[in-house]
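For the sequence shown, my numbering assigns the number 4 to the initial residue and increments by one for each residue that follows.
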Amino acid sequence: MTIAPLAIPGHPNSYDIQIADTLPLVEACVSDLCSCPAGIHFGLRVKPRIDPGTAQVEVDARCTCNLQPCVAVDLEGVRLSRMGKVSLVQLKANHSRKVWLVDFTVLGKEAFTHTNEEGASLKAVLESPAYKKLFYDVRRDADALYNLYNITLQNVLDVQLLELSVRISNHIHSCHLNGFAKAISLYLQPQSPSPFLWTKELGKALMQPHALVRAAMMSVMTGVV
């Protein structure tokens with residue numbers, strides 16, 4: 004199922020939101036995450052063509068840093084943790100315009116283990132060191148993935164900790180971690196509520212009906228209708 008492209012006012016790009024609520028769509032999701040134009044596919048690192056005189060250390064750096072695919076991940080659920088349940092997993096690869104919403108209320112655990120024609124699965128991508136996974140506050144997500152689905156995340160970059168390190172390096176008060184909404188307001192939309200926050204609240208409303216009120220309020224504040 005494809006939702007109309009998400010267009011954010013003032014943002015030059017739009018994204019295709021794809022709901023994966025069948026196993027064939029999960030296969031399409033996995034294939035999209037794994038199809039990297041840089042030549043890295045499902046954990047297989049292909050080195051770029053270089054001049055014979057290039058130092059090996061430089062080659063390794065290019066392969067590790069410049070070509071490594073990234074997948075942004077976020078989980079939504081009810082009491083998200085080992086004691087709760089996962090309702091929705093959101094994924095987007097840096098090389099793709101598609102945002103995938105995998106419906107776990109319909110598919111259950113099989114959504115993680117089901118493989119495409121090449122043998123790749125969401126579980127394999129999340130556990131592969133070849134793919135950098137971007138989370139904002141990975142703690143509850145990792146707790147749920149490990150204890151409910153036996154998934155051990157590898158190569159995770161927690162953007163919340165990066166935000167903390169920025170404040171520390173700038174000698175800013177840093178006794179507490181900032182939530183996602185706070186970080187967005189500080190760095191991306193300091194003058195007004197961000198449409199990104201409205202989008203997040205709308206996504207939460209799919210799993211938590213009471214969140215629809217916050218989404219409606221955010222819509223009015225941002226001018227997104």
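Built from N, CA and C at the ideal position, the CB exists for glycine as well. Values in this document were obtained by computation on a predicted structure and should not be read as measured data.
When the beta-carbon positions are compared, V159 and V105 stay at least 8 Å from each other. Bounds of any beta strand (DSSP E) do not take in I187; it lies within the alpha helix (DSSP H) bounded by F183 to Y190. Boundaries of the beta strand (DSSP E) around I20: S17 to A23.
Assigned with DSSP and collapsed to three states, A147 falls in helix.
Beta bridge pairing from DSSP links C73 with K135. At a Cβ-Cβ threshold of 8 Å, E120 and L26 do not count as neighbours. Across the set Y134, C178, L180 and L125, the C-alpha of L125 shows the shortest separation from the C-alpha of C32. In chain order, Y139 place their CB closer than 6 Å to the CB of F183, counting only its own chain and leaving out the 5 sequence neighbours on each side.
Distance from the Cα of F115 is smallest, within the candidate group D161, L94, K135 and V102, for L94. By the Cβ neighbour-count rule, Y134 is buried, with 16 or more other Cβ atoms within 10 Å of its own. Counted as a single uninterrupted DSSP element, the beta strand (DSSP E) harbouring L94 occupies residues K88 to A96. Burial state of I154 is buried, judged by a 10 Å Cβ sphere holding 16 or more other Cβ atoms. For S84 against A147, the beta-carbon gap comes to about 6 Å, under 8 Å, which counts as contact.
Residue pairing from DSSP places V105 in a beta bridge opposite A23 and V92. Looking at the DSSP output, E79 bridges to L91.
Taking each of M86, A145, R143 and C73 in turn and checking the Cα distance to K136, the smallest one comes out for C73.
Bounds of the alpha helix (DSSP H) holding L167 are V162 to S172. DSSP places V141 outside any alpha helix (DSSP H), giving it a letter other than H or E.
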